[in-house]
Structure formats: C-alpha cells, structure tokens
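Taking it in order: structure first as structure tokens, then the write-up.
In the working numbering, the protein residues as written are 173 to 320.
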C-alpha cells in the first residue's frame, strides 16, 4: 500500500457495483459507447463485471466499451476483456514516471511488473491503444512507444 496507509489498504470505490452496472446497462440500452477510466484491479473488475452482466441481459453486440488506463490489470482480467469485447486504452508511459514508486511503495513485485500489460493484451489477441494522459505526462509519442 502507499506510504501512510495500513497494510490492508486496497483503495476505495467511486461507485457501488450496482450503480456501475446501472450506468453500463443504460448506455448499452441507448447504444452509447462506454469509456471507463479504471486504474486499480478492483475498479477494473467492477467494470468487467458490469459489462459482462449487461451483455448477458441485453445480448452481446459490437458496443466496443473502452477501458482507459487499466494500470493494475491482472492476467485473468486481460482474458476477460477479450471475452467481453472490451477495448483497452493503456498508459504504459506511467511506468517511466511512476514505476519505481509502484514497486517500492504501492504494489511491489510481481504486481508492479505487470502495470499497463501491453504484451499480455497482445498475446490475448486484443488490439489496444496507448496514450500519454497530458497534462499529467507530457505528450511524447516516442516516450509512449519506448514504455510500451
């Protein structure tokens, strides 16, 4: 966990699970594309679960929901993205700026070694995009490519 937090600290949700699902279901019913910013594995799990539940209820179609960042995505979640048709837009440049902090303070090895898992996403057969998240990080396509 980050410095100053208890050992069992696991972040905090922005939405309850039902609320997240309701947003996704409403979007799918209205044929709106969903773009969700999620960093922690619990937030990523919540989004995947909401998309899965909405797909089961409304039928899976080419809705192209997008997961933005997906910083601490796990391998099992990569596989589920593929199964649900979720498009990842990853932020691998994050490791250039904050990788050491994630290793030393937040996640440790091996979780920090899997931040923005572009290789795992490719191996799962998914197409993905990358971004630099300006103004959080300065725009630099070469830095993004190097971090990928």
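We put the beta carbon where it would ideally sit given N, CA and C, even for glycine.
Excluding the 5 residues flanking it on each side, residue 196 has same chain C-beta neighbours closer than 7 Å at 206, 222, 223 and 226, in chain order. In this structure, residue 244 lies away from residue 319, with their beta-carbon atoms at least 7 Å apart. Per DSSP, the unbroken alpha helix (DSSP H) holding residue 314 starts and ends at 313-319. Judged by DSSP in its simplified three-state form, residue 192 adopts helix. With respect to the 7 Å criterion, residue 265 and residue 308 are not classified as neighbours on the basis of their beta carbons. For residue 266, the enclosing alpha helix (DSSP H) stretches over residues 266-273. Where residue 220 is concerned, the enclosing alpha helix (DSSP H) starts and stops at 213-230. Beta-carbon to beta-carbon, residue 200 and residue 235 are separated by about 6 Å, close enough to satisfy the 8 Å threshold.
Residue 284 and residue 190 have their C-alpha atoms some 29 Å from each other.
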